[in-house]
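Working notes for the structure below.
Protein chains: 2
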Amino acid sequence: MVSKNLMAASTKPLILTILAPGEMYGYQIIQSVIELSGGTLEWSEGMLYPVLHKMEREKFIRSQWKISENGRRRKYYKLTESGKEELDKEREQWMKVHKVLSKMWDPSPAYD
Amino acid sequence: MVSKNLMAASTKPLILTILAPGEMYGYQIIQSVIELSGGTLEWSEGMLYPVLHKMEREKFIRSQWKISENGRRRKYYKLTESGKEELDKEREQWMKVHKVLSKMWDPSPAYD
DNA sequence: ACTCCATACCTAAAACTTCTAGGTATTATA
DNA sequence: TATAATACCTAGAAGTTTTAGGTATGGAGT
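So the sequence lines, in the order shown, correspond to chains W and Z.
Each residue of the first sequence is one higher than the last, beginning at 9 in the numbering used here.
Each residue of the second sequence is one higher than the last, beginning at 9 in the numbering used here.
See the structure below:
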């Protein structure tokens with residue numbers, strides 16, 4: 009389990025990252041994040057759907073309804089151009105902060 | 009500049025990390041985080057003091073007033089035992105999430 | 001003496017976000 | 001024919017953060 013803050017901070021970059029290779033629907037995103045994180049990130053519908061809606065309002069992702077072979081309706085999300093740029097920004101920011109932290113945690117100052 | 013969420017997620021681990029080697033006072037913490045991050049983390053008094061107060065209520069840090077040589081009153085904070093444990097937990101959590109993200113960002117699956 | 005900047009702390013109220021706890025509907029399984 | 005799993009949704013409560021101010025002191029410059 010991961011703290012609320014870390015959860016909040018990783019949600020957006022993770023959604024953008026997971027959608028980068030291609031579209032996925034909400035429920036599927038939840039399943040794959042749980043799997044990808046080995047259960048560390050306990051995503052739920054109640055937390056994900058509002059985030060997806062917000063990100064769609066902000067035009068980082070776009071949705072489209074589809075019907076699966078077995079007849080279920082699913083809302084597929086994919087990155088917009090602006091969403092791809094946002095992913096780059098998020099990744100850079102994450103790495104910046106990670107470097108600050110890991111430099112302090114790492115006993116060797118290392119070659120930088 | 010770093011997003012609100014990332015800011016929120018890094019604040020607590022950073023405070024715990026920065027206090028690990030020894031005590032510091034609030035204003036000083038702000039200056040060193042700005043310096044350590046090369047200005048990426050734009051900490052302000054308005055954001056830090058309420059966080060310090062909360063962390064003290066939660067007993068991760070403990071404060072003590074001191075007077076500097078030049079006569080200024082300063083509130084020094086240091087880690088409690090529970091704060092040291094919390095630092096370990098925070099670090100582990102951060103690394104877990106970082107591994108999930110970096111695995112997806114890194115083109116090579118690498119030796120894990 | 002006086003002004004201004006930096007140091008050093010604080011907090012109430014407003015603004016924002018997130019979570020809870022439900023809801024609907026369909027298909028698959030026991 | 002229940003029950004579980006899939007798949008989506010959201011209003012209101014609860015929680016957090018930011019804003020925008022406040023106080024007080026010391027030091028530097030005029």
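We put the beta carbon where it would ideally sit given N, CA and C, even for glycine.
Taking Cβ positions, are residue 56(Z) and residue 34(Z) nearer each other than 7 Å? yes
Cross-strand partners of residue 82(W) (DSSP beta bridge): 74(W)
So the candidates are 109(Z), 65(Z), 23(Z); which of them puts its Cα closest to the Cα of residue 49(Z)? Relative to residue 49(Z), the option among 109(Z), 65(Z), 23(Z) whose CA is nearest is 23(Z).
In the DSSP assignment, find the alpha helix (DSSP H) that holds residue 114(Z) and state where it starts and stops. Here residue 114(Z) belongs to no alpha helix (DSSP H), and DSSP marks it neither H nor E.
If the cut-off is 7 Å on Cβ atoms, which residues from the region 91-120 of chain W count as contacting chain Z, listed in chain order? 99, 101, 102, 104, 105, 106, 108, 109, 112, 113
Among the residues of its own chain, which have a CB less than 7 Å from the CB of residue 10(W), if the five just before and after it don't count? 48, 49
Assigned secondary structure, residue 95(W) (DSSP; H/G/I helix, E/B strand, else coil): helix
Using the beta-carbon count (16 or more within 10 Å), is residue 39(W) buried or exposed? Counting the other CB atoms within 10 Å of its CB gives residue 39(W) a total below 16, which places it among the exposed residues.
What are the complete alpha helix (DSSP H) segments, minimum 4 residues, inside the region 16-78 of chain W? 34-44, 53-65
Out of 30(W), 25(W), 18(W), state which residue places its alpha-carbon closest to the alpha-carbon of residue 114(Z). 25(W)
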